[in-house]
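Residue numbers (this note's numbering): 81 to 171. For each residue, glycine too, the CB sits at the ideal point set by N, CA and C. Being a predicted model, the structure only gives us computed values, none of them experimental. Below: one structure, written as structure tokens.
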């Protein structure tokens with residue numbers, strides 16, 4: 081979640097419209113490299129700005145990038161599914 085300074089504040093209680101607000105992925109994200117965190121920041125920004133095009137594009141790339149982490153045994157299949165559930169547009 082973005083602070084007034086444009087920084088991500090993970091303790092903020094901002095409610096998102098496309099990102100699942102009820103799924104906690106904090107433990108999974110501890111295993112993920114910085115580029116995954118950057119993608120999450122981009123999706124949060126797009127969600128807050130109601131920019132579905134950017135959100136969808138980054139979400140799609142996020143799914144592929146996190147799947148590569150699963151294939152490299154950085155995260156489990158369940159971790160990958162949880163991340164995808166949280167950061168994917170509902171169909």
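Inset, instruction - State the DSSP-derived secondary structure class of residue 114, mapped to helix, strand or coil. - result: Residue 114: helix per DSSP, three-state reduction.
Legend entry - Cβ contact check for the stretch 151 to 161 and the stretch 123 to 138: 3 or more pairs under 8 Å: They do not touch, by the three-pair rule.
Legend entry - Contact belief for residue 119 with residue 141 at Cβ below 8 Å, rounded distance in angstroms: Confirmed, Cβ separation roughly 7 Å.
Legend entry - Assigned exposure category for residue 114 - 16 Cβ within 10 Å defines buried: Classification of residue 114: exposed, given that the 10 Å Cβ count is below 16.
Legend entry - Residue environment, residue 106, which counts as buried when at least 16 other CB atoms sit within 10 Å: With fewer than 16 Cβ atoms within 10 Å of its Cβ, residue 106 is classed as exposed.
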